[in-house]
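Input: a single structure, listed below in structure tokens.
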Amino acid sequence: MFKRLADAGVAVAITVDGKHVGARSGDTVAAALIAAGIDHCRTTPVTGAPRAPYCLMGVCFECLVTIDGVGSRQGCLAPVRDGMTVETQSGKREAGR
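Numbers 946 to 1042, taken from the numbering used here, label the letters of the sequence shown in order.
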């Protein structure tokens, strides 16, 4: 569905929910998830509805993910780096993570 306009950036590998995903340096985590065809970053605490990146500029908080063990990070503001581990979040966030 989405296509890069240019092949800029060096290829990097990240892990999303235990699966290896290719990304490009300069991508944000949210952009890498979208480019990889991953359709949601988290689920809501009440209904479990899937949520995906929306604004991609840090305003809406729909792209919350766990990055390298730190929960509730905004994927649209976090640049990817080689070896990064990303987990989608389910339900309410964990205190202390």
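Just so you know, even glycine gets a beta-carbon here, dropped at the ideal spot from N, CA and C.
- Going by C-alpha positions, P990 is about 7 Å away from S1035.
- In the structure shown, I979 adopts helical secondary structure according to DSSP, grouped into three states.
- Nearest to L1022 by C-alpha distance, out of P998, G1014, A994 and G1028, is P998.
- Under the DSSP assignment, V1015 falls in the beta strand (DSSP E) whose first and last residues are V1015 to Q1019.
- Take L1001, set aside five residues on each side of it, and the residues of its chain with a beta-carbon closer than 8 Å to its own are T973, A975, A976, C1008 and C1021, in chain order.
- With fewer than 16 other CB atoms across the displayed protein chains lying within 10 angstroms of its CB, A953 is exposed.
- V974 carries a helical assignment under DSSP once its states are collapsed to helix, strand and coil.
- If you draw a straight line from the Cα of T960 to the Cα of T988, it is about 19 Å long.
- D1013 and T1033 do not touch by the CB rule: their CB atoms are close to 14 Å apart, not below 8 Å.
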